[in-house]
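Enquirer: One structure coming up, written as structure tokens, with questions to follow.
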Amino acid sequence: QEIVSGESEEESNGVNLMEFSDEILLHILSYVPCTDLVLNVRRTCRKLATLCLDKSLTHTVLLQKDYKVNKDKVKQLMRDIGKEIYQLNMAGCYWLPSSTIDHVTRCKNLVKLNLSGCHVTSLRLSKMLSTLQHLRSLAIDVNPGFDASQLSSECKATLSRVSELKQTLYTPSYGVVPCCTSLEKLLLYFEILDRSREGFMLSGQLMVGESNVPHYQNLRVFYARLAPGYVNQEVVRLYLAVLSDRTPENLHAFLISAPGSFAETGATKNLLDSMARNVRLDALQLPKAWINGSGLLQHLKFNNPFYFSFSRCTLSGGHLIQRVINGGRDLKSLTSLNLSGCVHCLAPESLFRKAEDDIDSSILESLVVSCCNLRHLNLSAAHHHSSESVGNHLCQLLSRLKHLLSLALPVCSITDVAANVEKPPMASNLVPQTFGRKVRIGIQTYPRNLADQANRKIESSVFWALMGSLRFLETLEIIGSSFSSAMPRNEPAIRNSLPPCVRAQSVGDSEVAAISQLTYLQSLTLAQLPNILTGSGLINIGLQCQHLQTLSLANLGMMGKVVYMSALMDMLKHCKCLRDLRLEQPYFCAGAQFFQALSHCSSLQRLCIVSRSGTLQSDAVMSFMANCLEVIMCHMFMGESLTVCKNLQQSIVRSFQADRPALNVIIFPLLHEDLTEVIRDVPMRHLDEITLFKSRVAEEPPNLWW
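Residue numbers (the UniProt record's numbering): 1 to 706.
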């Protein structure tokens with residue numbers, strides 16, 4: 001659009017886009033989706049016809065968020081440049097029919113292929129892989145009905161050469177793992193439900209005839225992420241059983257992300273003991289039950305670690321410094337650290353400590369000094385209260401981490417302790433104690449220069465200074481330590497929420513305004529900020545953070561009323577790059593004014609609203625969908641009746657599905673008993689990235705998969 005709008009200006013100045021060098025034009029074209037390059041742009045002139053087929057543009061084809069691509073476009077794309085494609089990413093293309101995969105066979109030179117989230121049967125997978133002899137990296141889903149016995153010998157020959165495998169399991173199975181005899185990197189995502197749609201309990205036992213001998217001898221990276229449920233735990237133990245017999249000598253990254261309780265067994269203990277004796281790790285993440293109360297970290301050896309996750313562990317700061325950082329040794333290699341839910345990680349010991357006690361600033365200082373190159377840090381889901389000692393506030397210490405790109409903090413950690421004493425006078429103090437001139441009760445009388453004093457106080461706060469020092473931060477999460485979303489994964493919606501931390505009571509509009517200093521901010525999450533009175537800081541963010549693409553707001557201000565609605569609508573008018581918006585707030589009114597403001601977000605693709613007792617206007621929603629042509633996901637979990645929700649959902653699908661092949665719409669009552677059944681049909685890309693609330697900073701090692 002910018003190029004088109006600038007044509008007249010270029011002509012008047014005598015500048016022609018085609019006069020630029022090939023290098024500059026190739027750089028410009030690299031921002032255009034490959035389908036547009038090959039199917040549209042290259043047909044405009046001879047020069048572009050040549051440039052659009054340059055190897056730098058056709059070597060890697062990314063379709064994973066090209067929501068306008070359809071079966072016919074993929075077919076034409078593979079026909080035109082299939083032989084030139086070496087890396088193809090179709091992850092999350094859930095809307096494409098399974099027959100689309102047949103056209104991938106034209107890409108004879110493929111080295112990397114990502115089909116996560118695509119519909120692929122055993123027979124189609126076999127046919128496709130039989131023709132891809134150069135394939136070395138593969139990502140697929142294993143769905144119910146998958147049968148490894150249907151894989152041909154040619155397919156198994158291809159799999160035997162694959163060194164990187166990412167496998168998402170929706171049914172108990174080894175998938176293609178036993179066929180991959182040269183594995184160096186194995187990523188497993190367990191999404192198996194405990195109950196079938198009919199309500200039957202599922203078993204973690206594998207299907208009869210499945211090989212139980214995965215080949216791990218060359219393994220360097222093992223990663224497993226489990227969704228809630230005991231079946232996922234049973235199946236992952238089968239994958240780990242082989243590792244416990246013989247630990248790969250070259251293993252340098254061992255990561256298991258498991259929610260809730262995942263008990264240690266004799267086999268897993270043997271595995272960890274073997275790892276302590278035989279390998280040196282660069283990345284580590286273990287279930288909390290495997291670390292809590294054990295001396296494991298004291299015996300594990302590390303080489304040049306780049307990622308640690310001790311999420312939800314009871315690890316104390318003393319153990320963190322002694323066993324992981326070795327008393328403050330140089331850990332410049334560490335770029336990502338997840339301490340989410342580690343309530344005692346900044347305290348010397350956890351035995352007699354309360355979670356709300358002040359942190360030991362010397363522990364955080366040792367961490368900052370030793371890990372000076374951290375780019376991703378997660379300290380959320382804990383009470384990290386700073387003491388009143390000058391210069392030792394958590395925000396002041398974190399400001400030394402100049403390389404941070406993403407940061408997650410609890411709301412109570414950003415409170416300026418000294419500023420808590422200076423509060424505006426309460427209305428009750430204005431009542432005259434003696435007879436005299438009448439004073440109106442309820443209208444606070446401040447000195448004229450109070451606003452100037454407030455601005456100076458805000459700009460001198462420790463959080464304001466922290467935001468000013470992290471100029472290149474791209475992702476920020478400020479989440480209340482007691483916040484829990486009303487939409488848990490496999491359970492009914494939560495009806496009541498815990499009150500915010502006492503230290504967080506003063507965090508509000510001024511702290512939000514401080515975030516506007518982050519010029520390069522791309523993703524922002526704010527949850528459970530109790531002192532939001534007007535939301536004025538949101539307007540500052542909308543004006544200053546012009547690169548903002550993802551915004552998630554939850555439980556801001558008082559719960560009985562959406563006090564920041566006016567400011568939010570003003571903010572949205574400036575968010576031209578916003579693609580994902582998630583709002584979770586009781587009594588939210590999704591009416592005409594809100595959707596009119598949201599229509600200014602011309603790049604918006606995904607919208608999710610979660611609101612207990614919330615209301616919506618169907619006509620406003622339909623008008624919004626008609627105006628915002630890029631929107632392909634609309635999830636609303638409100639307080640409306642089932643009939644209203646179903647009628648609106650059907651209307652949206654009927655009106656827009658034909659022109660938007662990737663359209664995914666769910667309008668459903670939040671407190672309905674069938675909510676979990678509805679959630680299970682949400683495409684994993686949307687469910688994991690926006691519909692479910694969670695902290696995403698340092699959730700996985702950087703560059704785990706392309």
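We put the CB at the ideal spot given by N, CA and C, even for glycine.
#1: Could you compute how far the alpha carbon of Met-78 sits from the alpha carbon of Leu-57?
#2: For Tyr-602 and Ser-362, I'd like the C-alpha separation in whole angstroms.
#3: So is the beta-carbon of Lys-694 under 7 Å away from any non-hydrogen atom of the ligand NAP?
#4: Given Ala-590, which residues of its chain have a CB within under 8 Å of its CB, disregarding the five upstream and five downstream residues?
#5: Name the DSSP beta bridge partners of Arg-195, please?
#6: Going along the chain, which residues of its own chain have a beta-carbon closer than 7 Å to the beta-carbon of Ala-592, five neighbours each way excluded?
#7: What do you get for His-288, buried or exposed, if any count of 16 or more other CB atoms within 10 angstroms of its CB means buried?
#8: Please tell me whether Ser-116 and Phe-146 are closer than 8 Å, where the distance is taken between their beta carbons.
#9: Inspect the CB distances between the stretch 217–234 and the stretch 651–669 and report whether three or more fall short of 8 Å.
#10: What's the gap between the Cα of Arg-471 and the Cα of Ala-465?
#11: What first and last residue would you give for the alpha helix (DSSP H) that runs through Glu-491?
#12: Helix, strand or coil for Pro-259, going by three-state DSSP, please let me know.
#13: Taking Val-236 as the reference, give the member of Glu-474, Gly-204 and Phe-200 with the closest Cα.
#14: Please state if the CB of Leu-551 and the CB of Leu-529 are separated by a distance shorter than 8 Å.
#15: What's the gap between the Cα of Thr-525 and the Cα of Lys-561?
#16: Does the beta carbon of Glu-630 come closer than 8 Å to any beta carbon on chain C?
#17: Excluding the five sequence neighbours on either side, which residues of its own chain have a C-beta within less than 6 Å of the C-beta of residue 710, listed in chain order?
#18: Kindly give me the distance between the Cβ atoms of Leu-255 and Leu-296, rounded to whole angstroms, as I take these residues to be in contact under 8 Å.
#19: Does the stretch 70–84 come into contact with the stretch 95–115, if we say contact requires no fewer than three beta-carbon pairs (one atom in each stretch) closer than 8 Å?
#20: Could you check whether Thr-181 and His-134 sit closer than 8 Å to each other, using their CB atoms as the reference points?
#21: For Leu-367, collect the residues of the same chain with a Cβ closer than 6 Å to its Cβ; drop the 5 residues on either side in sequence, then sort them by chain order.
#22: Is it a yes or a no for the stretch 302–316 touching the stretch 674–684, going by three-plus beta-carbon pairs under 8 Å?
#23: Spell out the partners DSSP gives Ile-666 in its beta bridges.
#24: Cys-601 by DSSP, collapsed to three states: which one?
#25: Between Leu-518 and Leu-553, which are expected to be in contact by the criterion C-beta below 8 Å, what is the C-beta distance as a whole number of angstroms?
#26: Just confirm the distance between the C-beta atoms of His-376 and Val-697, as a whole number of angstroms; I'd bet it's less than 8 Å.
#27: Can you check DSSP and say which residues form a bridge with Ala-527?
#28: Identify whether Val-221 lies in helix, strand or coil by the three-state DSSP scheme.
#29: Give the DSSP bridge partners of Asn-338, in chain order.
#30: Going by DSSP in three states, Arg-696 sits in which element: helix, strand or coil?
#31: If we ignore side chains and look at the alpha-carbon of each, how far apart do Met-128 and Cys-155 end up?
#32: Could you pull out every residue in the same chain whose Cβ sits closer than 7 Å to the Cβ of Leu-568, ignoring the five residues on either side in sequence?
#33: Nearest to Ile-541 by alpha carbon, out of Asp-509, Asn-531, Val-390 and Gly-266?
#34: Tell me the DSSP bridge mates of Gln-167?
#35: Where does the unbroken alpha helix (DSSP H) through Cys-155 begin, and where does it stop?
#36: For Ser-316, count neighbouring C-beta atoms within 10 Å of its own C-beta (all shown protein chains included) and say buried if the count is 16 or more, exposed if not.
Expert: In brief:
#1: Mapped onto the sequence shown, residue 78 falls at position 78. Mapped onto the sequence shown, residue 57 falls at position 57. The alpha-carbon atoms of Met-78 and Leu-57 are separated by roughly 14 Å.
#2: As a working mapping, residue 602 is identified with position 602 in the sequence shown. As a working mapping, residue 362 is identified with position 362 in the sequence shown. Looking at the sequence shown, residue 602 is not Tyr but Ser. Rounded to the nearest angstrom, the two C-alpha atoms are 47 Å apart.
#3: The ligand NAP is not part of this structure, which contains no ligands at all.
#4: Numbered from its first residue, the sequence shown carries residue 590 at position 590. So the list reads Ile-609, Ser-611, Gly-614, Thr-615, Leu-616, Gln-617, Ala-620, Val-621, Met-636 and Met-638, once near-sequence residues are dropped.
#5: Within the sequence shown, numbered from 1, the residue matching residue 195 stands at position 195. Met-201, per the DSSP bridge assignment.
#6: Residue numbering aside, residue 592 sits at position 592 when the sequence shown is read from its first letter. So the list reads Gln-617 and Ala-620, once near-sequence residues are dropped.
#7: In the sequence shown, the residue the question calls residue 288 occupies position 288. His is not the amino acid found at residue 288; the sequence shown has Lys there. Buried is the call here.
#8: Counting from one through the sequence shown, the residue named residue 116 turns up at place 116. Counting from one through the sequence shown, the residue named residue 146 turns up at place 146. In this structure, Phe-146 does not lie closer than 8 Å to Ser-116 by Cβ.
#9: no
#10: Along the sequence shown, read from residue 1 onward, the residue named residue 471 stands at position 471. Along the sequence shown, read from residue 1 onward, the residue named residue 465 stands at position 465. The straight-line gap from Cα to Cα measures roughly 11 Å.
#11: Counted from its first residue, the sequence shown places residue 491 at position 491. Careful: Glu-491 lies outside any alpha helix (DSSP H) and carries neither H nor E.
#12: In the sequence shown, counting from the first residue as 1, residue 259 sits at position 259. Note: Pro-259 maps to coil in three-state DSSP.
#13: Indexing the sequence shown from 1 puts residue 236 at position 236. Of the listed residues, the one whose Cα sits closest to Val-236 is Gly-204.
#14: Position 529 of the sequence shown holds residue 529. Position 551 of the sequence shown holds residue 551. Taking 8 Å as the Cβ cut-off, Leu-529 and Leu-551 do not qualify as a contacting pair.
#15: Here residue 525 corresponds to residue number 525 of the sequence shown, with the count starting at 1. Here residue 561 corresponds to residue number 561 of the sequence shown, with the count starting at 1. Each residue's alpha carbon lies about 20 Å from the other.
#16: Of the chains in the structure shown, none is chain C; there is only one protein chain.
#17: Residue 710 lies beyond the residue range present for the chain, which begins at 1 and ends at 706; the question has no answer from this structure.
#18: Residue 255 sits at position 255 when you count from the first residue of the sequence shown. Residue 296 sits at position 296 when you count from the first residue of the sequence shown. Rounded, the Cβ-Cβ distance is 15 Å, inconsistent with contact.
#19: Contact holds: three or more Cβ-Cβ distances are below 8 Å.
#20: For the purposes of this step, residue 134 is taken as the residue at position 134 of the sequence shown. For the purposes of this step, residue 181 is taken as the residue at position 181 of the sequence shown. Contact: no.
#21: Walking along the sequence shown from the start, residue 367 turns up at place 367. None.
#22: no
#23: Along the sequence shown, one-based indexing puts residue 666 at 666. The partner list for Ile-666 (beta bridge, DSSP) reads His-635.
#24: Along the sequence shown, one-based indexing puts residue 601 at 601. Of the three classes helix, strand and coil, the one that applies to Cys-601 here is coil, per DSSP.
#25: Taking the first residue of the sequence shown as 1, we reach residue 518 at position 518. Taking the first residue of the sequence shown as 1, we reach residue 553 at position 553. Actually they are not in contact, since the Cβ atoms of Leu-518 and Leu-553 sit about 16 Å apart, beyond 8 Å.
#26: As a position in the sequence shown, residue 376 is number 376, starting the count at 1. As a position in the sequence shown, residue 697 is number 697, starting the count at 1. That pair is a contact at about 6 Å.
#27: For the purposes of this step, residue 527 is taken as the residue at position 527 of the sequence shown. Ile-479 and Ala-554, per the DSSP bridge assignment.
#28: Numbered from 1 along the sequence shown, position 221 holds the residue referred to as residue 221. Note: Val-221 maps to strand in three-state DSSP.
#29: Taking the first residue of the sequence shown as position 1, residue 338 is located at position 338. DSSP lists Ser-309 and Asn-378 as partners of Asn-338.
#30: Walking along the sequence shown from the start, residue 696 turns up at place 696. In this structure, Arg-696 counts as coil in the three-state DSSP scheme.
#31: The residue you call residue 128 lines up with position 128 of the sequence shown. The residue you call residue 155 lines up with position 155 of the sequence shown. Straight-line Cα distance between these residues: approximately 8 Å.
#32: The residue you call residue 568 lines up with position 568 of the sequence shown. If we look at Leu-568 and ignore the five residues flanking it on each side, its Cβ neighbours are Gly-535 and Leu-538.
#33: In the sequence shown, the residue the question calls residue 541 occupies position 541. The shortest Cα separation from Ile-541 among Asp-509, Asn-531, Val-390 and Gly-266 belongs to Asp-509.
#34: Position 167 of the sequence shown, counted from the first residue, corresponds to residue 167. Paired residue(s): Ile-140 and Leu-188.
#35: What you label residue 155 is simply residue 155 of the sequence shown in a count that begins at 1. Element bounds for Cys-155: 153–161.
#36: Position 316 of the sequence shown holds residue 316. So Ser-316 counts as buried.
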